Amino acid sequence: MNKYICTMCNYIYNEEKGDTERGIAPGTMFLDLPDTWTCPVCGATKDKFFLSYDQGPRRKIHKIDKV
Numbered sequence: 004m005n006k007y008i009c010t011m012c013n014y015i016y017n018e019e020k021g022d023t024e025r026g027i028a029p030g031t032m033f034l035d036l037p038d039t040w041t042c043p044v045c046g047a048t049k050d051k052f053f054l055s056y057d058q059g060p061r062r063k064i065h066k067i068d069k070v
C-alpha cells in the first residue's frame with residue numbers, strides 16, 4: 004500500500020490506516036477517496052498530494068497527475 008504526502012502541511016495519508024476519524028476505512032486506496040475528501044490537517048484537496056514510496060535506503064517522491 005502507498006502513502007501520499009500533502010504538499011501544504013506534510014500530512015501523510017497512509018492507505019493501510021485510512022482516515023477513520025472521517026469515515027475512511029483502513030485499506031482505502033488514495034485514488035478511491037471521495038472527490039470531496041480533503042487533508043484533515045490543512046484542508047488541501049487531493050491534487051495537492053504526492054505519492055511517496057520507499058525504495059531501499061533512498062526515499063522517492065513522485066508527483067501524481069490530477070486525480
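The opening position of the sequence shown corresponds to residue 4 in my numbering, with each subsequent residue numbered one higher.
All residues carry an ideal CB built from backbone N, CA and C; glycine is no exception.
For clarity, every value in this text was computed on a predicted model and none was experimentally measured.
- Contact between L54 and N17 is absent: CB atoms are separated by about 12 angstroms, not below the 8 angstroms threshold.
- Per DSSP, the continuous beta strand (DSSP E) segment holding I15 begins and ends at 15–17.
- Taking the CA atoms as reference points, M11 sits about 22 angstroms from E19.
- Only residues of its own chain outside the window of five on either side were considered, and among them I15, Y16, C42, V44, C45, A47, K51, F52 have a CB closer than 8 angstroms to the CB of C9, listed in chain order.
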